[in-house]
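Chains as they are written, first to last, in this note's numbering: chain A, 116 to 528; chain B, 116 to 528.
Protein chains: 2
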Amino acid sequence: MASTTGETLAAAEPIADGRTEEGEEEQVVNPWEVSAKGGKIDYDKLVDKFGCQRLDESLIQRFERITGRRAHVFLRRGLFFAHRDLSDILDAYERGEKFYLYTGRGPSSESLHLGHLVPFMFTKYLQDVFKVPLVIQLTDDEKCMWKGLSVEESERLARENAKDIIACGFDVERTFIFADFSYMSPPIYKNIVRIANCVTGNKIVGIFGLTLEDYGGKFFFPYIQAAPSFPSSFPHIFSGKYSKLRCLIPCAIDQDPYFRMTRDVAPRLSYHKPALIESKFFPALQGESGKMSASDPNSAIYVTDSLKDIKNKVNRYAFSGGQDTIEKQRKYGANLEVDVPVKYLNFFLDDDAELLSIKEKYGSGAMLTGEVKARLIEVLSEIVERHQRARAAVTEETVDAFMAVRPLPRMFG
Amino acid sequence: MASTTGETLAAAEPIADGRTEEGEEEQVVNPWEVSAKGGKIDYDKLVDKFGCQRLDESLIQRFERITGRRAHVFLRRGLFFAHRDLSDILDAYERGEKFYLYTGRGPSSESLHLGHLVPFMFTKYLQDVFKVPLVIQLTDDEKCMWKGLSVEESERLARENAKDIIACGFDVERTFIFADFSYMSPPIYKNIVRIANCVTGNKIVGIFGLTLEDYGGKFFFPYIQAAPSFPSSFPHIFSGKYSKLRCLIPCAIDQDPYFRMTRDVAPRLSYHKPALIESKFFPALQGESGKMSASDPNSAIYVTDSLKDIKNKVNRYAFSGGQDTIEKQRKYGANLEVDVPVKYLNFFLDDDAELLSIKEKYGSGAMLTGEVKARLIEVLSEIVERHQRARAAVTEETVDAFMAVRPLPRMFG
C-alpha cells in the first residue's frame, strides 16, 4: 500500500484535469497524491466523488448493538468516516457468517509515525471485536517500483515495519503478515493474473493517474494490492469452506481507488466484493496543509521519538489555533478547526468527557495553548512509550512467527 | 513465449505505422504478429531493422571448429540465420567458461505442429554439443492473458506441451522445465520487478505494439519472459559461482523484441546480455503467405497426426511450385522458391547430397511433384512416428522430474 495516512497531504497544485466547471481547482486524492486547495480535504466531496458511503451515527449504533462493544474512538469521532458495504458485513456477521480482515502498508521508511499506526490500531480493535483472521500486506515491491529502493532495502524496511505493526498487539494465532517479495507464489500470482485480465491499461491509467512514462511495474502493482481481497490468495489459511470468505478492508481513503477496481472485478471472479471502512488522513504537526514526510522529522511524531522529542515537537511545531497572546486567547478563545493539538487529541485521547471539556475551555479561552499542548504531550508520550516497550519485545522469531506461511490455529472465536 | 515458429505467419495487413517513405507496406514481425506484403518475410530487412547480426558461413565454421561437431542441419541451411553475441558465447566457451541455454513456449494449443518442434530440436542439439544446463519456460500466464484461457486450462496445456518437449530428447539431469503459474516465486519475481524498474510503459508500448486498451497483464508479461535470462531467477540451479552465468537463447526471430529489451536492461542489473540464436519461421503447408493455425488442422503437420493424415495433408495441401501438367513440369521444372515440400525437406531431410539432388532434379523437371511429396511423406512420417513413440514413453512422473525445483545433478560435462 502507498501512504495509508496522509503522508502525502500536500498543498494543492494546479492540475489540468482537476478543475470544476468554474475553473476552481479541486482536490486530488489517490494513493500517491493527496492535495486540496488550501490543504483542507473536503471529505464530503470525496465520498461523493468516490461513490462510497458515509459511516453515519445509525450504522455506528448498529455496529455497537451487534458486536456488544463500544465503538472505537476512531469510529465515535468520525475518523473512520466512510465505508463500502460495511452493513453487508454486519448483516453477515449477525447471521453467523464469517469474514476476514485485510490491511497493509507500503514500507517506505524505517520508522513509522503516529499516522501510520492509525489503521493498525483500528484493525487490531476490529480483530478483537469480531474475532476474525487478518492478513497484512507489506508492499515492499511497490516501494521498490515507486521509490527506487533496491529489492534488498525494501525487504529490510518491510521487516522492520512488521515489528512496529506487531507491536500494535495483533494476535499471532489469527494474523498472517506477508511481504510481497517473499510471499509471491502461485496462488496469489494466479489471482493477480485473473484480476489483470479484467482491467485494461486505460482503466489503470484512469484510476491511478499513471502515464506511459512511468515504469512498467506501476501498471501491474494495482493487481498485486487487489489480490489479497480474495481468500484463495491464501490457501494455507482459507481453504475448503473458507475459499469464498468475505473480506473487510480498513484503510485510509486514499486507498479507495485500488478497491474500487477490485470490487468491479470481484463478481467476475465469483468473489464477494471486498467491504471497506475508510479513514480520514492524519494531519501533519504543521496542520492539514502541511505534509508529513520522512525527510522532515519535525512534521510528525515518530514511534521512535524520545519523550524529549515529543515535547519539543508539540511545543515548537504543532500548529495552534490559539490566539497570539494570553490576553487575546482569554478574550476570543482558540480556533479549534485548525488547531493541531485538538486534532491529535481527537485521535488519541480516549476520554470523551475530557476531550469535550478541553474543547469547550480552549474554544472559549478558559484554557491556553500551552495547557492543551501539555496534555497532548502526556497522551502522546504514553502511547509512544507503550509502543516502544511492545516493539522492544518483538524479536526476529516473533516476526518469523507472524510471517510464516501456515494455517491460523485460532481463526474464529 | 508467444508463437515461436510462425504460428502467426499471416498475410500482410495494411497498418498505419508500417509503411516505407514510398507508401509501400512493410512487414510486421513481433511476438503476436508476423506479416509481410505478399506473405514472404524479407529476413535481410528484418536483421537490419532489429539490429541483430547475420549468422554467416565463417561463424558456422568457427562453431564447428570449436565444438568439434558438424553444424546442425538448421544451421547449415540457414534456418537459424541470425544471432546476437553468439561469437561472445563461442569465445567464452573456448576459454573454458560456462553458459546456460534458455528457451520456451507459449502453450496455446493441445498438440504441437512440426514448426513448434524446430526450436526444441535445435536446443537439444545445442545441449548435446555444449553439455550445458537448459531452462525451458512455459508461459501459461501469457496464454491466460492473451487468449482468455482460464488459469486451469493454461496450466493443463503447459503440462501437455511439456510432454512433447520432453519427447524431443532433453537430458533430465541438465534440464529444468517450468511453467510460470507454478514456478512464480520470490527469486524470479524479484528479477521481474528489477527489470520492470528499468523499462517504461512507453518502451513496452513501443516494442510490443500494445495499446492502453489491452488488459493490464500484457504490459507486465515482457518482464516475465525476460527474467529467465538472468541466472539468479533459478537459485536452485545457479548459485554461487554460477550466479552471473552467461545465457544463450535459441528462438524464432519474432521473440527478438523481448530480448532486445532484456539486453538493454542486463548491464544495469550487472548481468551479461543474453546471447541469441534466431530462426526463420516454419511455413504453413499452404506456403509462406499461409497461416499455420490451430483452427485449421490442414495448415500444418501436427505431431499427433497419423501417417494417413500426413500423406493426405502433404498430397492435398502442401503448396507446390511444380507445373500444372506433367508435360510442363518436364519442360520447365518446378519453382523451388515457393515449393513447400522442398522447404519442408530443407528443414527435415538430413542428407545434404540427397536434398541437393532433389532440388536439381525437381527444379529441372526430371522429378515430379508427386515424387518429391512421396519422399517428404516418408521423411515426415519417420519424424512424427519417432516423436509419437518418445511422447508415449513420457509419463506424469517424467514431467514431474523435469519440472521439479531442484539442483541439476550434471550441469556441465
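Positions of the beta carbon are idealized from the N, C-alpha and C atoms, including for glycine.
Quick one: which chain B residues come within Cβ less than 9 Å of Phe-349/A? The contacting residues do not exist; Phe-349/A stays about 15 Å from chain B at best.
Of all the options Thr-315/A, Lys-318/A, Leu-327/A, Asn-312/A, which has the alpha carbon lying nearest to the alpha carbon of Ile-319/B? Leu-327/A
Determine, for Glu-148/B, whether the minimum Cβ-Cβ distance to residues of chain A falls below 8 Å. no
At a CB-CB cut-off below 8 Å, which residues of chain A make contact with Asn-317/B? Leu-327, Glu-328
Among the residues of its own chain, which have a CB less than 6 Å from the CB of Ala-481/A, if the five just before and after it don't count? none
Using 10 angstroms around the beta-carbon of Asp-454/A, count the other beta-carbons present and answer buried if the total reaches 16, otherwise exposed. buried
Taking a contact to mean a Cβ-Cβ separation below 8 Å, would you say Leu-201/A touches Leu-174/A in this structure? yes
Inspect the beta-carbon positions of Leu-422/B and Ser-496/B and report whether they are closer than 8 Å. yes
Name the chain A residues whose beta carbon is nearer than 8 Å to that of Val-266/B? Lys-305, Val-308, Arg-309
Beta-carbon separation of Asp-371/A and Glu-393/A under 8 Å? In this structure, the beta-carbon distance from Asp-371/A to Glu-393/A falls below 8 Å.
Per-residue burial, Ile-441/B [other beta carbons within 10 Å of its own, 16 or more giving buried]: exposed
What residue range is occupied by the uninterrupted beta strand (DSSP E) comprising Arg-375/A? Here Arg-375/A belongs to no beta strand (DSSP E); instead the alpha helix (DSSP H) covers 371-380.
Whole-angstrom Cβ separation of Leu-253/A and Arg-220/A, contact assumed at under 8 Å? 6 Å
When DSSP labels each residue in this structure, what does Gln-438/B get in the three-state scheme? coil
Check the Cβ-Cβ distances between Met-526/A and every residue of chain B, and say whether any is below 8 Å. no
Can you check whether the C-beta of Asp-171/B is within less than 8 Å of a C-beta belonging to chain A? No, its Cβ sits nowhere closer than 8 Å to a Cβ of chain A.
Given a threshold of 16 other Cβ atoms within 10 Å of its Cβ, counted over all protein chains shown, does His-351/A qualify as buried or as exposed? exposed
So which residues on chain A does Val-320/B lean against when the C-beta distance must stay under 8 Å? Leu-327
Spatial neighbours of His-502/A in its chain, beta-carbon cut-off 6 Å, leaving aside the 5 residues before and after: Ala-282, Val-418
Who does Arg-361/A pair with in a DSSP beta bridge? According to DSSP, Arg-361/A bridges with Phe-214/A.
What's the gap between the Cα of Pro-234/A and the Cα of Gln-438/A? 33 Å
Pick out the complete beta strand (DSSP E) segments inside the segment 242-286 of chain B, 3 residues or longer, and give them in chain order. 249-253
Reduced DSSP category for Ala-449/B - H, G, I as helix; E, B as strand; rest coil: In the structure shown, Ala-449/B sits in coil (DSSP, three-state: anything other than H, G, I, E or B).
Is the segment 167-182 of chain A touching the segment 222-240 of chain A, taking contact as three or more C-beta pairs under 8 Å? Cβ pair count under 8 Å is below three, so no.
Using a Cβ cut-off of 8 Å, which residues of the segment 244-264 of chain A contact any Cβ in chain B, in chain order? Asp-256, Cys-259, Met-260, Gly-263
Cutoff 6 Å; reference Leu-229/A; Cβ partners in own chain excluding five residues on either side: Ile-416
Which parts of the segment 151-212 of chain A are runs of the beta strand (DSSP E), unbroken and 3 residues or longer, counting only runs that do not cross its ends? Runs of the beta strand (DSSP E) inside the segment 151-212 of chain A: 195-199.
Under a three-way DSSP split, which group does Ala-481/A fall into? coil
Quick check on this structure: which residue in Ala-505/A, Ala-399/A, Ala-311/A has the alpha carbon closest to the alpha carbon of Ala-433/A? Ala-399/A
Please classify Ala-507/A as buried or exposed, where buried requires at least 16 other C-beta atoms within 10 Å of its C-beta. exposed
Taking Met-482/B as the query, report the chain A residues whose CB atoms sit under 8 Å from its CB, ordered along the chain. Under the 8 Å cutoff, chain A gives no residues; its nearest Cβ is about 52 Å from Met-482/B.
Interface residues of chain A facing Met-299/B [CB-CB closer than 7 Å]: Met-299, Ser-300, Pro-301, Tyr-304
Whole angstroms are fine: how far does the CA of Arg-184/B sit from the CA of Cys-101/B? Residue coverage of chain B in this structure runs from 116 to 528, which leaves residue 101/B outside it and unanswerable.
If you draw a straight line from the C-alpha of Ala-151/A to the C-alpha of Phe-195/A, how long is it? 20 Å
C-beta contact flag for Pro-301/B and Phe-296/A at 8 Å: Cβ distance < 8 Å, so Pro-301/B and Phe-296/A count as in contact.
Inter-residue spacing [alpha-carbon to alpha-carbon] between Lys-262/A and Asp-329/A: 12 Å
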